[in-house]
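See structure below.
Protein chains: 2
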Amino acid sequence: MNAPAALHDDRLARVTLSRLTEPGDPRVSRLVPQLGAPRLLHLLLDDAEVSDLRTDAAARLLDVEPERELERAARLGIRFVVPGDAEWPARTADLARVANSQDRGGPPLGLWVRGPRRLDELGNSVAVVGSRSATTYGADVASEIAAVTARAGWGVVSGAAFGIDQAAHRGAAAVRGFTVAVLACGVDRAYPTAHAALLEHLATEGMVVSELPPGCSPTRLRFLSRNRVIAALTRGTVVVEAALRSGALSTANWASKISRPVLGVPGPVTSAQSQGVHGLLRTGAATLVTCGAEVLEELGAVGEHLAELPRGPERRRDRLSSRQQQVLEAVPVASPAGVESVARAAGIGLLEVSTLLAQLQALELVEQLPRGWRLAEGARA
Amino acid sequence: MNAPAALHDDRLARVTLSRLTEPGDPRVSRLVPQLGAPRLLHLLLDDAEVSDLRTDAAARLLDVEPERELERAARLGIRFVVPGDAEWPARTADLARVANSQDRGGPPLGLWVRGPRRLDELGNSVAVVGSRSATTYGADVASEIAAVTARAGWGVVSGAAFGIDQAAHRGAAAVRGFTVAVLACGVDRAYPTAHAALLEHLATEGMVVSELPPGCSPTRLRFLSRNRVIAALTRGTVVVEAALRSGALSTANWASKISRPVLGVPGPVTSAQSQGVHGLLRTGAATLVTCGAEVLEELGAVGEHLAELPRGPERRRDRLSSRQQQVLEAVPVASPAGVESVARAAGIGLLEVSTLLAQLQALELVEQLPRGWRLAEGARA
C-alpha cells in the first residue's frame, strides 16, 4: 500500500474510532500508538485482548460509514485533519505523556476543522480562557489580551462560551486577528445557540475545531476533554477569571501537566470570579500577568517580546545631584524649618545648604515661607 | 561601673547620638557595635578617625542635654527604649546585616515609645502597609486583614498616613486589637495633623513609636528609614495597595533584605494603586494573599494558622457513584438525547443506563423531556 493510501486508511479508521469512543479514551490513547488506528479497529471487532474496549464500543451503534461521513463533512466545508497531514499540530503529541485512565488524556484521534486557516498556523498561539459568568472587568481584560497578542500575529484559542471565551474572540476580531474556537460538540453545531453568529464569523475568518465528529452534542465529559485540546494547541494558557471550581481551571491544569506556561490575571480579592485564579497564583501554579504585553513576554521566545517595564512618571528629583537630594530629603514635609535646622538634618554646612536650597527653590521642589523652608506642594507626593 | 549605671550612660549617649545624626546613619551603625555608644560619642568630639562623622555632626547644634531630654519626654509619657532594656525588640538586630552607606540601614539607636503596651509584645506581629491614596477596595481589604490578625492576638504595625495605614489601624481597633504606629517624626507630634485623634487613640490603647527624638519633623529621608523599622519590628509585611513608586514598596524591600516574608494583595489590573503590588507578585518578591486568614497562615509558625482552603460549594455530583457520574457526563447539556444515545456516549449498556438515569432524575440532576434526556437546569453550571 502506498503512503497516500495508508494515510487514507488511517483517516477512515480514525473517523470510525472517534464515532465509537469518547474523546481521550485512555484505551484508545494507549493502543493507537502501539497498533495503529486501522489495526486497532480490526481487533476491536474480533480480538479478546481488547474485549474491555469492545464491550463499550458494542453499546454504540456499529453503523459508521467513514467514507460517507467525510463526504458529508466536506459538503459542510469541514475537513478531518489527522497526524499524517501537513497541517497536523505536532504539539498535541505532548498529550501522550499524560494519558492515563483517570485523566482521559492522550492526543486527539484527529481534529474536525471548519474555516480558511490551518492548524499549523498555531505555532505562536495563546489560550485565553475563563469563566462563563465573567465580570465586565474580566471581559475587558480578556479582550485587551486577545487584541494585543493577535496584533502581534499570534493565534488566540478559546472555547465558544459566554463570558471570557466570547470576550477573547471579540478582542482578537477587533484587530482582525486570527482566532479559533475549540468546541465540545461537532463543528457544525452552535452551542450555545446565541453564539451561532460568532461561530459563523470564526468559520469564515479563523477556525472552528473539534475532536468530535459533526453532529455530536456537548456533554460535561466532552467539555473537560475539550479543555486538554485547547491547552495542547497553544504555547500557554491565560486564565482571566475563574471561580473556585470553574472549568477554566481544568484547562490550566492540562497546560501544567504538559509543561506549558500557565498565566493568571489577578482581580479584586472580593470577586468570586477571581478566586480560582488567585488560588493558581498563590500556589505558584500560574504566573501573574496584567496585560497582553506581559503575556507575549512570558510565552514568546526569550527576548522576542519584552513588555515595557511599568514605571512611575519620571520625577524631577531623579535628576538632582546627590548633594541636592541630601538637602531635599532633610526639608520638612509640612511645617517649615529654618536653614539651621535643615543644615543640621542634612549634615551639611550652613552656607552650602543656603545655596542648595535656592537651587531647589528654582526647581520648585521647596518653598520658603516666613517661618522657614518646606517641601513645595508638587514635591510631597 | 555597675550594670544599671552602664545602661544609663549608654542610654544618654544614644539620646545624644540620635540628636546628632539621622536615622540609620551608616557610620553610626558601623561604629556603635564596635565601640559602644558612649565611646563613639566621646571620640566624635576628639578623634580624627571619625572626622567624617564629626564634620557632619558639627553642623548640628551641640547643645543636647540628654538627661533633660529624657525628663521632658517622661513628662509627656514618652520613654526611650534601648537595646539593654527588657522590652527591646531583639528582632531589629537583623538590620545590622544590611547596614551600608547606600541604604542607611542598621538597627535604630533606640526607640521612643508612647503608650501602655510594650515593644516585646510584637513577637507575633504583621506590618500592614500601602498607598496613602488607597481606593476604598484597598482600605476595606487592609481593615479586614488587620481585624483578623489582631483578633488572633497579633500586633498590627503601620505608619500613620491616610489610606492603607489608617485603614489598618481602624480594622485592628474595631476588634480592640493591639495596633502600633511607627512615625517619621517625634512621637509627640501629629503628622498628618488630621490624624491627631488616631495617634492619641494609639498612644492610649496601643503604641506610637519612633527612632526620632520628640519634636523632630518628618522628612523624606526619615520616612524611608522609618520603613525599615516597620519591616524589622514584624514577622512579615503585607502590601495591600501600592502604585509603582509608592513608599510602601520600600517597606517591602526592607523586609526582603532581612529575609522577612513579603505578602501582596492583588487588585484589578486596571487600578494604578495595585500596579506596584502586581510588580512584586509577578517577580516573585511577594506571595499572593487574599485575606487575613492567609496572612496568618503565611506568617504563623508552621501549622499554627491554617487558612481554610477556599472551595466551591459542594456539589451533589461529588456524592455520585462513578457509574452514575459516567452517565451524567454523557447526558447532553441542552438538546435532549434518547437513552440509546446516552448509552453510546457513556459506553454503558442500555438497561443499566436506564436505571442510572432514573436515579439521576431523582437527584434532580437530569430531566426527561418528550425528546429525551438532558441535564437539569441546576446541574448545568
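Residue numbers (my numbering), protein chains in the order written: chain X, 1 to 381; chain H, 382 to 762. Using N, Cα and C, we set each Cβ at its ideal position, and we do this for glycine too. As the structure is a prediction and not an experimental result, all values here were calculated from the model.
So, is X:Q34 buried or exposed, given that buried needs 16 or more other C-beta atoms within 10 angstroms? Along the first sequence, one-based indexing puts residue 34 of chain X at 34. With a 10 Å radius around the Cβ and a threshold of 16 neighbouring Cβ atoms, X:Q34 comes out exposed.
Which residues, taken in chain order from the segment 726-753 of chain H, show a beta carbon closer than 9 Å to some beta carbon of chain X? A726, A727, G728, I729, G730, L731 and V734
Got a sec? Which residues, its chain only, sit under 8 Å from X:L76 by beta carbon, not counting five neighbours each side? Counting from 1 along the first sequence, the entry for residue 76 of chain X is found at position 76. So the list reads R114, D188 and P214, once near-sequence residues are dropped.
Put X:V269 into one of helix, strand or coil per three-state DSSP. By one-based count along the first sequence, residue 269 of chain X stands at place 269. In this structure, X:V269 counts as coil in the three-state DSSP scheme.
8 Å Cβ cutoff met for H:G567 and H:L593: For this step, residue 567 of chain H is matched to residue 186 along the second sequence. For this step, residue 593 of chain H is matched to residue 212 along the second sequence. Yes, Cβ-Cβ distance for H:G567 and H:L593 is below 8 Å.
Residue burial classification, H:E745 (beta-carbon count within 10 angstroms, cutoff 16): The count along the second sequence starts at 1 and reaches residue 745 of chain H at position 364. When all chains shown are included, H:E745 counts as exposed.
Alpha carbon of X:A139 to alpha carbon of X:V238, nearest angstrom: Residue numbering aside, residue 139 of chain X sits at position 139 when the first sequence is read from its first letter. Residue numbering aside, residue 238 of chain X sits at position 238 when the first sequence is read from its first letter. One C-alpha to the other measures close to 13 Å.
Would you please verify whether the beta carbon of X:E329 is less than 8 Å from any beta carbon of chain H? Stepping through the first sequence from its first residue, residue 329 of chain X is reached at position 329. Yes, X:E329 lies at the interface with chain H (some Cβ there is under 8 Å from its Cβ).
Would a C-beta distance cut-off of 8 Å place X:V411 and X:V126 closer than the cut-off? Nothing can be reported for residue 411 of chain X: it is not among the residues displayed for chain X, which extend from 1 to 381.
Compare the C-alpha of X:V366 against each of X:L350, X:T204, X:Q324 and X:G347 and name the closest. Stepping through the first sequence from its first residue, residue 366 of chain X is reached at position 366. Measuring from the Cα of X:V366, the nearest candidate turns out to be X:Q324.
Residues of the segment 401-424 of chain H in Cβ contact with chain X at a cutoff of 7 Å, in chain order, please. E403
Looking only at its own chain, which residues have a Cβ that is under 6 Å from the Cβ of H:L662, when we skip the five neighbours before and after it? On the second sequence, position 281 is the one that residue 662 of chain H refers to. Within the same chain, H:L662 has close Cβ partners G645 and L669.
Spell out whether any CB of chain X is found under 8 Å from the CB atom of H:A440. Taking the second sequence and counting its residues from 1, one reaches residue 440 of chain H at position 59. For H:A440, the predicted model reports a pLDDT of 46, less than 50, meaning its position is unreliable; a value from the coordinates is still stated below. Yes, because at least one Cβ of chain X sits closer than 8 Å to the Cβ of H:A440.
Considering only DSSP beta bridges, list what H:A718 is partnered with. Residue 718 of chain H sits at position 337 when you count from the first residue of the second sequence. Beta-bridge pairing links H:A718 to H:W754.
Range covered by the alpha helix (DSSP H) that runs through H:F559: Residue 559 of chain H sits at position 178 when you count from the first residue of the second sequence. Premise fails: H:F559 is in no alpha helix (DSSP H) and is neither H nor E.
H:L614 CB to nearest chain X CB: under 8 Å? Taking the second sequence and counting its residues from 1, the one referred to as residue 614 of chain H is at position 233. With 8 Å as the cut-off, H:L614 does not count as an interface residue toward chain X.
What span of residues does the alpha helix (DSSP H) with X:F223 cover, start to end? Within the first sequence, numbered from 1, the residue matching residue 223 of chain X stands at position 223. Per DSSP, X:F223 belongs to the alpha helix (DSSP H) from R220 to L233.
Let me see if you follow: with CB-CB separation under 8 Å, is X:V265 close to chain H or not? By 1-based counting over the first sequence, the position of residue 265 of chain X is 265. Answer yes: the Cβ-Cβ gap between X:V265 and chain H drops below 8 Å somewhere.
Does any residue of chain X have a CB that is nearer than 8 Å to the CB of H:V522? As a first step, residue 522 of chain H must be located in the second sequence, where it is residue number 141. Judged by the 8 Å Cβ criterion, H:V522 is in contact with chain X.
Quick one: grab the DSSP three-state call for X:I164. In the first sequence, counting from the first residue as 1, residue 164 of chain X sits at position 164. Helix, per DSSP.
From H:P497, H:A548 and H:W493, residue whose alpha carbon lies closest to that of H:V610: Start at 1 with the first residue of the second sequence, and residue 610 of chain H comes out as number 229. When each option's Cα is compared against that of H:V610, the closest is H:W493.
Could you have a look at H:P713 and say whether DSSP puts it in helix, strand or coil? As a first step, residue 713 of chain H is located in the second sequence; it is residue number 332 there, counting from the start. Strand.
For X:W88, name the three-state secondary structure that DSSP assigns. As a working note, residue 88 of chain X is residue 88 in the first sequence. Looking at X:W88 - three-state DSSP - the assignment turns out to be coil, as it is neither helix nor strand.
When H:V413, H:H659 and H:A613 are compared against H:P642, the one with the closest alpha-carbon: The sequence position of residue 642 of chain H within the second sequence is 261, counting from 1. Considering only alpha carbons, the answer is H:A613.
Do you know offhand how far X:L296's Cα is from X:V129's? The count along the first sequence starts at 1 and reaches residue 296 of chain X at position 296. The count along the first sequence starts at 1 and reaches residue 129 of chain X at position 129. Taking the straight line from one Cα to the other gives about 16 Å.
Taking X:V180 and X:L202 to be in contact with their CB atoms under 8 Å, please state how far apart those CB atoms are, rounded to whole angstroms. Counted from its first residue, the first sequence places residue 180 of chain X at position 180. Counted from its first residue, the first sequence places residue 202 of chain X at position 202. So it is a contact: roughly 7 Å between Cβ atoms.
Whole angstroms are fine: how far does the CA of X:L109 sit from the CA of X:S18? Position 18 of the first sequence, counted from the first residue, corresponds to residue 18 of chain X. Position 109 of the first sequence, counted from the first residue, corresponds to residue 109 of chain X. Computed Cα separation, rounded: 7 Å.
CB contact flag (H:G486, H:L476, <8 Å): Here residue 486 of chain H refers to the residue found at position 105 of the second sequence. Here residue 476 of chain H refers to the residue found at position 95 of the second sequence. For the 8 Å CB-CB criterion, H:G486 and H:L476 form a contact.
Could you compute how far the alpha carbon of H:R460 sits from the alpha carbon of X:G292? Stepping through the second sequence from its first residue, residue 460 of chain H is reached at position 79. Stepping through the first sequence from its first residue, residue 292 of chain X is reached at position 292. Rounded to the nearest angstrom, the gap between the Cα atoms of H:R460 and X:G292 is 54 Å.
Might you give, ordered along the chain, the residues of its own chain that have their beta carbon closer than 6 Å to the beta carbon of H:A577, omitting 5 neighbours on each side? As a position in the second sequence, residue 577 of chain H is number 196, starting the count at 1. Within the same chain, A571 come within 6 Å of H:A577 by CB-CB distance, once the 5 residues on both sides are set aside.
State the Cα-Cα distance for the pair X:G383 and H:E679, rounded to the nearest angstrom. Lying outside 1 to 381, the shown extent of chain X, residue 383 of chain X is not represented and no answer is given.
Quick one: list the residues of chain X neighbouring H:P713, beta-carbon separation under 7 Å, in chain order. Here residue 713 of chain H corresponds to residue number 332 of the second sequence, with the count starting at 1. Ordered by position in chain X, the residues that pass the 7 Å Cβ test against H:P713 are S217, P218 and T219.
Which of helix, strand or coil does DSSP assign to X:R114? Numbered from its first residue, the first sequence carries residue 114 of chain X at position 114. Correct three-state label for X:R114: strand.
Nearest by alpha-carbon distance to X:G177: which of X:T204, X:C216, X:P4 and X:A272 is it? To locate residue 177 of chain X, count along the first sequence from 1; it is residue 177. Checked all of X:T204, X:C216, X:P4 and X:A272; the closest Cα to X:G177 is X:T204.
Span of the alpha helix (DSSP H) around X:A127: For this step, residue 127 of chain X is matched to residue 127 along the first sequence. Looking at the DSSP string, X:A127 is not in any alpha helix (DSSP H); the run it does join, the beta strand (DSSP E), is S125 to V129.
Which first and last residues belong to the beta strand (DSSP E) in which X:T237 is found? Counted from its first residue, the first sequence places residue 237 of chain X at position 237. Element bounds for X:T237: G236 to V239.
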